[in-house]
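Encoded as structure tokens, the structure appears first; notes follow it.
There are 2 protein chains.
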Amino acid sequence: MVKKNAFYAQSGGVSAVINASACGLIETARQYSSSIGKVYAGRNGIIGALMENLIDTSQESDDAIRALRHTPGGAFGSCRYKLKRLEGNKDEYERLIRVFKAHDIGYFFYNGGGDSQDTAYKVSQIGDRLGYPVVCIGIPKTIDNDLAVTDNSPGFGSVAKYVAVSVREAALDVLSMALTSTKVFILEVMGRHAGWIAAASGLAAMQAGDAPHIILFPEIPFNEDQFLRKVNSSVKDYGYCVIVASEGVRNEVGQFLSAMSAQQDAFGHAQLGGLAPFLAQIVKEKLGYKYHWAVSDYLQRSARHIASQVDVEQAYQVGKAAVELAVKGENAVMPIIIRTSQDPYRWEIGSTALKNVANVEKKLPQNFITQEGFGITQAAHSYLAPLIDGEDYPPYKHGLPVYVQLKNIPVEKKLKETFILT
Amino acid sequence: MVKKNAFYAQSGGVSAVINASACGLIETARQYSSSIGKVYAGRNGIIGALMENLIDTSQESDDAIRALRHTPGGAFGSCRYKLKRLEGNKDEYERLIRVFKAHDIGYFFYNGGGDSQDTAYKVSQIGDRLGYPVVCIGIPKTIDNDLAVTDNSPGFGSVAKYVAVSVREAALDVLSMALTSTKVFILEVMGRHAGWIAAASGLAAMQAGDAPHIILFPEIPFNEDQFLRKVNSSVKDYGYCVIVASEGVRNEVGQFLSAMSAQQDAFGHAQLGGLAPFLAQIVKEKLGYKYHWAVSDYLQRSARHIASQVDVEQAYQVGKAAVELAVKGENAVMPIIIRTSQDPYRWEIGSTALKNVANVEKKLPQNFITQEGFGITQAAHSYLAPLIDGEDYPPYKHGLPVYVQLKNIPVEKKLKETFILT
Numbered sequence: 001m002v003k004k005n006a007f008y009a010q011s012g013g014v015s016a017v018i019n020a021s022a023c024g025l026i027e028t029a030r031q032y033s034s035s036i037g038k039v040y041a042g043r044n045g046i047i048g049a050l051m052e053n054l055i056d057t058s059q060e061s062d063d064a065i066r067a068l069r070h071t072p073g074g075a076f077g078s079c080r081y082k083l084k085r086l087e088g089n090k091d092e093y094e095r096l097i098r099v100f101k102a103h104d105i106g107y108f109f110y111n112g113g114g115d116s117q118d119t120a121y122k123v124s125q126i127g128d129r130l131g132y133p134v135v136c137i138g139i140p141k142t143i144d145n146d147l148a149v150t151d152n153s154p155g156f157g158s159v160a161k162y163v164a165v166s167v168r169e170a171a172l173d174v175l176s177m178a179l180t181s182t183k184v185f186i187l188e189v190m191g192r193h194a195g196w197i198a199a200a201s202g203l204a205a206m207q208a209g210d211a212p213h214i215i216l217f218p219e220i221p222f223n224e225d226q227f228l229r230k231v232n233s234s235v236k237d238y239g240y241c242v243i244v245a246s247e248g249v250r251n252e253v254g255q256f257l258s259a260m261s262a263q264q265d266a267f268g269h270a271q272l273g274g275l276a277p278f279l280a281q282i283v284k285e286k287l288g289y290k291y292h293w294a295v296s297d298y299l300q301r302s303a304r305h306i307a308s309q310v311d312v313e314q315a316y317q318v319g320k321a322a323v324e325l326a327v328k329g330e331n332a333v334m335p336i337i338i339r340t341s342q343d344p345y346r347w348e349i350g351s352t353a354l355k356n357v358a359n360v361e362k363k364l365p366q367n368f369i370t371q372e373g374f375g376i377t378q379a380a381h382s383y384l385a386p387l388i389d390g391e392d393y394p395p396y397k398h399g400l401p402v403y404v405q406l407k408n409i410p411v412e413k414k415l416k417e418t419f420i421l422t
Numbered sequence: 001m002v003k004k005n006a007f008y009a010q011s012g013g014v015s016a017v018i019n020a021s022a023c024g025l026i027e028t029a030r031q032y033s034s035s036i037g038k039v040y041a042g043r044n045g046i047i048g049a050l051m052e053n054l055i056d057t058s059q060e061s062d063d064a065i066r067a068l069r070h071t072p073g074g075a076f077g078s079c080r081y082k083l084k085r086l087e088g089n090k091d092e093y094e095r096l097i098r099v100f101k102a103h104d105i106g107y108f109f110y111n112g113g114g115d116s117q118d119t120a121y122k123v124s125q126i127g128d129r130l131g132y133p134v135v136c137i138g139i140p141k142t143i144d145n146d147l148a149v150t151d152n153s154p155g156f157g158s159v160a161k162y163v164a165v166s167v168r169e170a171a172l173d174v175l176s177m178a179l180t181s182t183k184v185f186i187l188e189v190m191g192r193h194a195g196w197i198a199a200a201s202g203l204a205a206m207q208a209g210d211a212p213h214i215i216l217f218p219e220i221p222f223n224e225d226q227f228l229r230k231v232n233s234s235v236k237d238y239g240y241c242v243i244v245a246s247e248g249v250r251n252e253v254g255q256f257l258s259a260m261s262a263q264q265d266a267f268g269h270a271q272l273g274g275l276a277p278f279l280a281q282i283v284k285e286k287l288g289y290k291y292h293w294a295v296s297d298y299l300q301r302s303a304r305h306i307a308s309q310v311d312v313e314q315a316y317q318v319g320k321a322a323v324e325l326a327v328k329g330e331n332a333v334m335p336i337i338i339r340t341s342q343d344p345y346r347w348e349i350g351s352t353a354l355k356n357v358a359n360v361e362k363k364l365p366q367n368f369i370t371q372e373g374f375g376i377t378q379a380a381h382s383y384l385a386p387l388i389d390g391e392d393y394p395p396y397k398h399g400l401p402v403y404v405q406l407k408n409i410p411v412e413k414k415l416k417e418t419f420i421l422t
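The structure is reproduced here in structure tokens:
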């Protein structure tokens with residue numbers, strides 16, 4: 001095997017553990033120095049390749065690379081940029097080939113979700129169709145847990161843990177005060193298309209009456225009457241009501257509730273408001289309860305301080321496996337997580353063809369949501385619980401986590417022409 | 001000294017460490033069993049005393065009491081209820097005396113902020129003015145850090161740490177994505193009257209250009225032009241802008257910005273919206289940047305999982321000191337934290353008269369805010385940094401923190417008449 005350099009990039013929304021995959025990949029590539037030369041990281045994902053903005057990771061110390069394992073965010077920058085179809089958009093692909101050739105890149109590692117795996121799949125076609133051989137390996141990552149084939153996606157377990165821990169804690173606060181103050185608390189979490197993250201909040205409950213009392217899923221059309229009845233019965237039975245709402249909740253005709261909130265604004269501010277305050281308003285107007293609401297937004301997906309140990313380890317292992325697959329001669333594949341045992345939870349790394357995951361969205365199974373539509377079933381609990389297991393604390397200094405800032409030294413450009421992103 | 005029972009109650013907004021004070025108090029009272037009989041906790045603060053709803057903490061095991069140290073929320077329930085002046089409202093005070101007499105209560109421990117210390121101070125006057133001797137000790141607690149005399153208030157350090165950690169983490173996320181996605185991130189934090197919590201977010205920055213780039217304080221009138229200029233220069237200089245906004249930010253004529261957001265609503269929904277989405281809207285309309293916003297609300301004050309070790313220890317020690325002061329014969333006082341050394345940080349417990357802290361609000365010093373009005377000074381940094389130092393993790397099981405649920409066994413009522421809260 002001729003020794004070639006590798007390209008690695010992070011794509012789509014980042015997570016608390018995508019850098020753990022980068023760590024696994026770079027550490028492993030350094031061990032395979034007979035097959036893999038330097039690992040060049042794309043600055044801001046695939047855009048880094050198109051713009052020939054490459055970062056020379058060989059200039060980073062072993063300690064710095066090791067620290068990626070406990071550092072959230074995307075150390076090389078990420079992007080929301082999707083390659084178009086090869087047909088009719090040859091320019092982008094030919095540019096990629098020129099950059100790869102110029103820097104002797106023979107491996108393409110792309111770390112992201114379903115859209116990003118589509119990009120990886122498209123790049124894998126260059127070899128056959130444009131005559132430039134490049135080994136393409138996808139690396140799974142998404143907090144949304146909606147990647148197909150793999151049992152779960154690195155990034156999800158840590159958000160799930162953040163949400164479950166936060167709900168357990170906030171519920172104790174609300175319960176303490178409910179007699180004379182707030183009775184209803186609403187937490188809005190991420191999940192525009194699928195309720196995986198909202199579902200994970202259900203892990204916070206240990207027995208009947210525990211929070212969350214209501215989970216609102218994108219999969220279940222919002223029915224105001226049923227919702228209000230449930231809020232009311234929760235307050236009557238338990239003294240308070242904790243609601244976890246997925247940002248993607250829709251009404252019975254398919255409109256996002258968050259958008260309805262905006263529609264009611266006199267100025268037509270499309271993004272003002274949001275789901276949590278909208279739900280709070282309904283509760284106040286119809287039931288008169290004092291409420292509070294929180295929107296965890298980026299806090300939930302960057303919260304490395306409360307990452308799941310299982311998630312961190314899986315993120316590392318898929319990065320490592322990507323290199324091992326490449327060195328073994330595999331191409332156009334993505335490492336996946338396979339659950340080999342439920343109790344005790346055991347998992348191993350396998351792989352699947354990129355075409356099986358590109359642009360495929362894994363839905364929350366119907367049997368994960370209770371008949372009533374406001375909670376999770378035992379099946380969901382069994383699936384979700386192992387994914388948040390274990391703690392993996394970052395190091396601290398002066399009370400704050402120590403996250404690494406890489407030097408990110410650019411690779412000298414070799415191409416004369418500049419490329420304009422379209 | 002005749003042995004008497006003690007009454008302990010939690011008051012006002014709870015925190016991640018108010019139960020650590022309860023732990024310190026109950027554990028210490030158990031050591032002084034020659035002076036103090038049982039510790040009766042008020043169910044929901046002073047309301048528990050008025051309604052004769054007492055909890056017998058002697059029925060809790062040592063292990064359960066020890067676990068209070070790492071459990072957030074208020075284990076006995078809290079309340080927002082302020083005793084009126086003795087003049088013209090003798091009923092409430094005479095009721096308290098009847099309850100205290102019925103249960104042989106000679107010690108009154110009240111754990112809360114400035115309003116609660118006012119209640120403790122009023123109760124301390126019963127002895128002289130209504131002829132029932134009761135030892136009254138306040139115990140400081142407030143996430144707002146606005147209690148007078150004490151160097152800081154237990155509860156604040158943990159919120160401060162939560163906010164600083166969250167900003168450091170979210171900033172890495174935003175920075176990763178800024179080229180093609182979100183450029184401006186807004187986190188709304190608590191602090192209606194004083195910017196202590198918002199100020200603490202400034203600890204997240206290590207060097208120029210680090211987040212938070214803008215802190216909005218209640219102390220500084222909001223100037224839209226200056227704000228937008230600062231957002232813009234941050235995006236130009238660093239590629240992104242992280243804003244931490246105190247919920248109590250007001251405009252130049254003293255209106256809460258969060259209320260202005262509500263005023264713009266077509267339906268006059270007074271609580272709809274909130275500050276973070278309001279600021280986001282300004283940024284979008286005037287600068288066109290893509291934004292995200294979060295509101296941490298109760299999550300910040302219940303986040304025991306990321307509590308400050310210094311805060312937990314101080315919370316425990318003020319609970320312990322309250323008992324020691326009472327046993328020593330002190331009355332109408334509150335333990336305080338005294339900073340005896342800045343570098344290295346050292347502190348000890350002292351005390352002050354309740355009248356010095358009742359209804360007094362400690363403001364953020366002017367020299368803690370930069371001239372420009374959007375950041376904290378070195379003086380603020382020096383004051384704040386030690387308060388978030390050290391981690392104090394709760395135990396975990398199956399990936400979730402194990403928080404104690406006390407049995408909270410009620411003390412049998414002895415009074416015939418019921419009391420109606422007014």
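First to last, the sequence lines map onto chains A and B.
Take 1 as the starting number for the first sequence in the UniProt record's numbering and just add one per residue.
Take 1 as the starting number for the second sequence in the UniProt record's numbering and just add one per residue.
Here a beta-carbon is modelled for each residue, glycine too, at the ideal position from N, C-alpha and C.
Using a Cβ-Cβ cutoff of 9 Å, what residues of the region 278-306 of chain A are near chain B? List them in chain order. F278, A280, Q281, K284, E285, Y291, H292, W293, A294, V295, S296, D297, Y298, L299, Q300, R301, S302, A303, R304, H305 and I306
Hey, quick one: how far does the beta strand (DSSP E) through F108(A) stretch, first residue to last? I105 to G112
Terminal residues of the alpha helix (DSSP H) in which S246(A) lies: Run containing S246(A): none in the alpha helix (DSSP H); it sits in the beta strand (DSSP E), C241 to S246.
Could I get the ranges of all uninterrupted alpha helix (DSSP H) runs contained in the region 354-392 of chain A, with 4 residues as the minimum, in chain order? 378-384
Chain B partners of C79(A), CB-CB under 8 Å? M177, L179, T180 and S181
Quick check: what's the CA-CA separation for G106(B) versus E94(B)? 15 Å
Could you tell me whether the region 359-370 of chain A touches the region 141-152 of chain A, using the rule of 3 or more Cβ pairs below 8 Å? yes
Alpha carbon to alpha carbon, how far is P344(B) from C23(B)? Give it in angstroms, no decimals. 28 Å
Assign K84(A) to one of three DSSP states: helix, strand, or coil. coil
For a cutoff of 8 Å on Cβ pairs, would you count S61(A) as touching chain B? no
Just reading off the alpha helix (DSSP H) that G157(A) is part of, what are its end residues? F156 to M177
G48(A) by DSSP, collapsed to three states: which one? helix
Given a cut-off of 8 Å, decide if I139(B) and F109(B) are closer than it, judged by their beta-carbon atoms. yes
Nearest-angstrom Cα separation, counted from D297(A) out to A194(A): 16 Å
Helix, strand or coil for F185(B) per DSSP? strand
Which residues does DSSP pair with Q342(A) in a beta bridge? Y345(A)
Check L272(B) in the structure and name its three-state DSSP category. Low confidence applies here, because L272(B) scores a pLDDT of 43, under 50, leaving its location unreliable and the question unanswered by this model.
For a test of the three-state rule: what should DSSP assign to H398(A), helix, strand or coil? coil
Within 8 Å, strictly: CB atoms of G239(B) and L287(B): no
So, using beta-carbon positions, are G399(B) and S308(A) closer together than 8 Å? yes
Contact between the region 212-220 of chain A and the region 369-388 of chain A: three or more CB pairs below 8 Å? yes
To the nearest angstrom, how far is the alpha carbon of S34(B) from that of F7(B)? 16 Å
Rounded Cβ spacing between N44(A) and S21(A) (contact assumed at less than 8 Å): Not really, about 17 Å apart at Cβ, beyond 8 Å.
Classify A266(A): buried if its beta carbon has 16 or more other beta carbons within 10 angstroms, exposed otherwise. Caution is warranted here: a pLDDT of 39 is assigned to A266(A), below 50, making its placement in the model unreliable, and no coordinate value can be reported.
Less than 8 Å between the C-beta atoms of I349(A) and Q317(A), yes or no? yes
Would you say A385(B) lies against chain A (beta-carbon separation less than 8 Å)? yes
Helix, strand or coil: which one does DSSP assign to S233(B)? helix
Measure the beta-carbon distance from A276(A) to V295(A) and round it to whole angstroms, keeping in mind my assumption that it falls under 8 Å. 5 Å
Whose CA, out of E247(B), G12(B) and A303(B), lies closest to the CA of F76(B)? G12(B)
Could you list the residues in the region 306-325 of chain A with a C-beta less than 9 Å from some C-beta on chain B, going in chain order? I306, S308, Q309 and V310
Segment contact, 8 Å Cβ cut-off, at least three pairs: the region 170-189 of chain B with the region 228-243 of chain B: yes
Please list, in chain order, all residues of the same chain as I409(A) whose beta carbon is under 6 Å from its beta carbon, the five residues on each side excluded. D56 and Q59
Quick check on Q405(B): does DSSP put it in helix, strand or coil? coil
Label V253(B) either buried or exposed according to how many other C-beta atoms from any shown protein chain fall within 10 Å of its C-beta, with 16 as the threshold for buried. exposed
Is V165(B) close to chain A? Criterion is C-beta to C-beta, closer than 8 Å. yes
Beta-carbon separation (whole angstroms), D311(A) vs L387(A), contact threshold 8 Å: 7 Å
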